[in-house]
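Chains as they are written, first to last, in my numbering: chain A, 63 to 281; chain B, 1267 to 1813; chain C, 2 to 354.
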Amino acid sequence: MVSIVKKIKSFILPMRVTGKYMVKKPFTVMYPREKAVVKKRWRGLHELAFNKCVGCGLCRMACPNKCIDYIYPEGLDPRDKKNLKFRRPAIDWGHCIFCGLCVEACPTKAWYHTPRYKIYATSDSRLDLIRTPYELAVEEDKRKTYEDELSKIRDLMQTDLLEAAVGGEWEEIIKKLREKWRDLWYMKLDGKLDEKTWDEKAREIEKLVLDIIKQASLP
Amino acid sequence: MSVEDIKNSTIRELSAALGADVEKRDLKWDKYVGINLLKPERLPELAKVLKKIGYAQPVLITAIDKPSDGVIELVYKFNRMDSKVMAWVYTSVNRDDPRIPSITPFWRAAFPHEIETYDLMGVMFDNIPDLRHVFLPWDWNLGFPLRKDWDPNEAKKYPWWEKTREFYDPFIIPSDEGDDIYYVSIGPQHPAVHGSFRLILKMRGDTILEAWPDFGWVHRGVEKLAESKTFDQIIVYTDRLCYGSSISWNLTYSLAAEDLLGVEVPERALWFRVILVEMQRIVSHLLWLAALMADLGTFHSMFLYPIREREKFLDLFEKASGARLTYSYIRIGGVGIFKHAEDIPESWFNDLRNVLTDFKHKVKEYLDMTEASESFHIRTENVGVLRGKAAIEAGATGPVLRAAGIKYDVRKIDPYLVYDQLDFEVPVGKRGDVYDRWWVRINEMLQSVRIIEQAIEEMPKQGPLRTKVPPAKMRGSGEGVGRTEDPRGEAIIYIVGNGRNTPYRIHIRSPTYINLSLLHFLLRRAKFADIAAIIGSLDPCMAEVDR
Amino acid sequence: MTDPVVGIISIILGLIGDTLDELFELLGLPKWLYLPTFIAAVTLTFLLALVLDILFIIWMERKVIGRIHHRRSITETGPVGFLQNVADLIKLLVKEDVYPANADKFMHYASPILIASIAIIPAVLIPYGPQTFFMRMSTSVVLFFAIATLVPGIVLLAGWAGNSKYSTIGAFRAGLQLISYEIPLSLSILGVILMARSLDFYRIIEAQSNVWFAILQPLGAFTFFVVSLMELERSPFDIPEAEGEILVGWRTEYSGLKFGLFYAAEYFKFFIASAAFTALFLGGWHGLFFDSVIYFLLKMHIVMLVMIWVRVTFFRPRPDQLVRISYTKLIPLAILNLLWVVLINPFVLPLLY
């Protein structure tokens, strides 16, 4: 008798559980329409407080994936120790694993995570996911820092530092590339460039980069 | 017997048996006994003595390449089922012709460790039944990656793409085996294998005659990569060792690194670590439950219920650490990420209590779906039996060993963190079949709930969570070891430093790798349909197996 | 009271007839062509109705399973996701046709067509209402199950044709399943036949005008229900296509339209099995106040709902356990039911008809 009761139970109990959920409200969220709630501490896309950053290089050292690199204002020689303080971090979100080590390493609290999580590339190139320090900068201090940086760069461009940096065939290519980027960058900062032409020009430069990579791997 | 007694008797017995070929080696831990073996060819004799005096398993075998001395140092660690004492045997073999007798013929548990050491470090084990590449391709002859002088560019010479086809071809099929025997290759992509590994089955009718697991499909070389990273950076690799139990591996690594670097951890962090690790145990077991149930049928309803509860725990992790899967939350020196997730968020404990209460109700529902249902019993009972001494002998670990009736839990045997101050039980099975493994894990979840509830009460309410270690002090020499009870079994991370800010050698003992190598035994005489149940009951995590 | 559905059906038939009349007059077609054309038109109309119903069943299944999984199921295409199945159908139709290099090409292409066409035949043998049926014959129950038995044979061929080990294992599992459910199936309907004293579905349904056979012989109903789940090869008895073990078994090598035909056959079988259960045990068209096709369809869809519910609840047994369950549990149950029928038969006679 006990075994018969057990047998009947073995049919009824599981059916009861599934039957209960048949009439319950679903647990899931209709994602694009209902907003997915991300917690306050979510280690999402980074932002950089431009005026706090001192260019110390600790975040680059802390990064386990080597996706942070420093960008010098155009025309500055990276090998010159004097220019160290002008560099700012750029990040490749395509390689970033959002571990938070750069945020932890930053001595001036310039880096921080935002709860934003959407990231996408619009072309096949991974270059789309690289963010320059200007793009990383927080909205409010963006404009001011742009102007400061611009005037600084323009001062520096008067000097012949750029000429000192180049020499030889290899250097020629880098110089050409730099100039292209610089021109483009200025145009964008001044608002003369719309998105479409910016994309086209960026594509051109990308091709150039590929050429360089090809040449570099030949010998 | 006390720890001292066991240590003394070990040394005494070994000296009696091997004379001047062994000498005591001073270790920085009191609980482990160190032994130098001067003649590596006498290793089997030593192992036989250790086995006789109660050492249960060779729990870790690793090799450290020392080109400056011209030797490869081998480290054997033997554990006991009744005490926290481990015997660490050090021996050195010539680097040019590294040969050492194997202990596999009489101690099967050594097998996965030995072939791994051969695979990556090139130590030849004499008399081993089946010495082959396990993570590298079977016809690899481009050197041994973990050696210090190995050039990573060597790997580019391997014809990866041309080989692919040949690799998928059936296993060597002898022609004279008769018509009724056939071979089936399961994986590397198959729903039953939970990741990517391959099983080659020799079958007659619906019965498996023999099975060979084939690993290494997602091998990333974490141990080699970690040698080029600083101690703080390695934590992100431990996140990715297993998608199911990141925090547990964070902890194991942090314990090892703290051991090596001599870092003190604040009291409050110890308690918080316990909470996090036990939450991770629940999460990992829920994922395992979901996967096993999906393999056994029910058209994914029992797959989605545990996943739903897991989601609630992941929300809690997200709230505290800022990530849902790769937390990097337990760090060297404590818990937390400076400047981003420093202290525990407010109301986190309240949320945790609510989730736990809800979870306990949900476990009853799981029992209604499984325990009460006869269809579950017939699929799991007396399937994949591994019981008692045979389980120790074969090298089983974690819930698989406990289901076999052996009460062995690192949290009880060798308590780390504050586990000695907590009151919990170790569930132990009887028959050692799939059903018992299920039963043990379900009860472990309930015990974890109990531990968390205690820890919430007893945890200090105020205080720091992490001591700051300046990067300049993140360099150490000597050895460090972290030994924890991972959700999947006994996990050990062994670090050797040489005074730099990167480790000289780091070895990760993956419990799943050990357990999956049992498949050779478990699948013998099983039915084809049992494969899913047996593999599922071992809780495989291929990212952790291949490392 | 007469069945209101009969009126609708006769209107439809009349419409078809009228249209054909006018067409023949317009085009001047020969008279002998009229009857075949009429039959074809009627068949197509009812097939269309069947396909619409199956679209509804698939929608119901996806929705119910989704709810049991505690999630939302299809929601996007059409109202409450109803058009998702149509979209899936279109996707299957336009997919590239792929067949394995070493497959038996003839069998590979023939088996989907065979299976879909054979699986639908038993539908004509079931009377859906007192006046709504395709044919009446004195041995319709025997013919019904004879045709239903053919399907696993074609499954065997289909799995064999794929020339893959997984497919072959799946195919042989289908064969195994066939031999394990055939006997309890016959035994469980034997009770019904004994009680109704007929092999005709129509007579069996008529016999249940006062009380359903499910109430008179619950054991038989239970056995038949379990056995029809086995015949349908649906979870928990989806052994030939066990997803976690042999991928989808005998269907592994079939894609696109061929998969679509298998899928359709699965739902034809689903439709027919629940219709058979309704006819044999749930009193067919009998209901409150009047007899109608509506009752038949309602009961049939409730049976389907229960089958879907069972599908997401129980674990899949092993092939050898399936044979054991069937030989040591279901056959004794069916025989017990038979004894019970013999015992109570004299007393229930006044209740019937």
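Just so it is clear, CB atoms sit at the ideal spot from N, CA and C, and this is done for glycine as well.
- When DSSP states are grouped into helix, strand and coil, P151 of chain A belongs to the strand group.
- Counting along the chain, the unbroken alpha helix (DSSP H) around K1655 of chain B starts and ends at K1655 to A1660.
- As far as DSSP is concerned, R122 of chain A takes part in no beta bridge.
- Per DSSP, reduced to three states, the secondary structure at L1465 of chain B is strand.
- One finds L75, P76, R78 and V79 in chain A with Cβ atoms closer than 8 Å to the Cβ of D1634 of chain B, taken in chain order.
- Collapsing the DSSP output to three states places G15 of chain C in a helix.
- The three-state reading of DSSP puts M1390 of chain B in strand, counting E and B together.
- For the region 1555 to 1581 of chain B, the set of residues with a beta-carbon nearer than 7 Å to any beta-carbon of chain A comprises S1567 and R1574, in chain order.
- In the assembly as shown, P131 of chain C is a buried residue. Its beta-carbon has 16 or more other beta-carbons within 10 Å.
- The beta carbon of W1373 of chain B sits closer than 7 Å to the beta carbons of A1313, K1317 and P1324 from its chain, once the five residues preceding and following it are set aside; these are given in chain order.
- Between the region 1322 to 1342 of chain B and the region 1281 to 1292 of chain B, the count of C-beta pairs closer than 8 Å stays below three; the two stretches do not touch.
- F1787 of chain B: member of the alpha helix (DSSP H) spanning L1785 to L1788, first to last residue.
- Nearest in C-alpha terms to I148 of chain C, of all of C:I345, C:L115 and C:L158, is C:L115.
- For the C-beta of V65 of chain C, the chain A residues within less than 7 Å are, from N- to C-terminus, M84.
- G1698 of chain B places its beta carbon less than 8 Å from that of A1670 of chain B.
- Assigned with DSSP and collapsed to three states, P1324 of chain B falls in strand.
- Looking at the DSSP output, R1291 of chain B shares a beta bridge with B:G1300.
- For I1474 of chain B, no alpha helix (DSSP H) segment is defined; the enclosing uninterrupted segment is the beta strand (DSSP E) at T1473 to D1480.
- The three-state secondary structure of L84 of chain C, taken from DSSP, is coil.
- Among the residues of chain A, those whose CB is under 7 Å from the CB of T314 of chain C are P76, M77 and T80, following chain order.
- For Y1519 of chain B, same chain residues with a beta-carbon under 6 Å away, outside a window of 5 residues either side, are T1504 and I1759 in chain order.
- Contact check for R1291 of chain B and Y1356 of chain B: beta-carbon distance about 6 Å, within the 8 Å limit, so the pair qualifies.
- Taken through DSSP and simplified to helix, strand or coil, M1559 of chain B comes out as helix.
- As a beta-bridge residue in DSSP terms, K1343 of chain B pairs with B:L1326 and B:W1354.
- Put simply, the CB of W104 of chain A is near chain B, with a gap under 8 Å to one of its CB atoms.
- Residue burial is scored here from C-beta neighbours: V85 of chain A has fewer than 16 other C-beta atoms within 10 angstroms and is therefore classed as exposed.
- Between L1633 of chain B and the set B:N1709, B:E1382, B:G1729 and B:I1801, the nearest pair of CA atoms involves B:N1709.
- Approximately 54 Å separates the beta-carbon atoms of R1470 of chain B and D1498 of chain B; this is outside 8 Å, ruling out the contact.
- Classified as buried, E1544 of chain B has 16 or more neighbouring CB atoms from the shown chains inside 10 Å of its CB.
- Among the residues facing chain A, A1738 of chain B is not included, as its CB has no counterpart in that chain under 8 Å away.
- By the Cβ test, the region 135 to 142 of chain C is in contact with the region 201 to 218 of chain C, since at least three Cβ pairs between them sit closer than 8 Å.
- Distance from Y179 of chain A to E109 of chain A at the Cβ level is roughly 13 Å; contact not present, criterion being Cβ atoms closer than 8 Å.
- When the beta-carbon positions are compared, K1297 of chain B and V1351 of chain B come within less than 8 Å of each other.
- Across the set B:T1370, B:G1563, B:I1319 and B:P1364, the C-alpha of B:T1370 shows the shortest separation from the C-alpha of E1659 of chain B.
- Think of a sphere of 9 Å around the beta carbon of E166 of chain A: the chain B residues whose beta carbon falls inside it are D1498, R1597, I1603, F1604, K1605 and H1606, in chain order.
- A Cβ of chain A is located within less than 8 Å of the beta carbon of G1588 of chain B.
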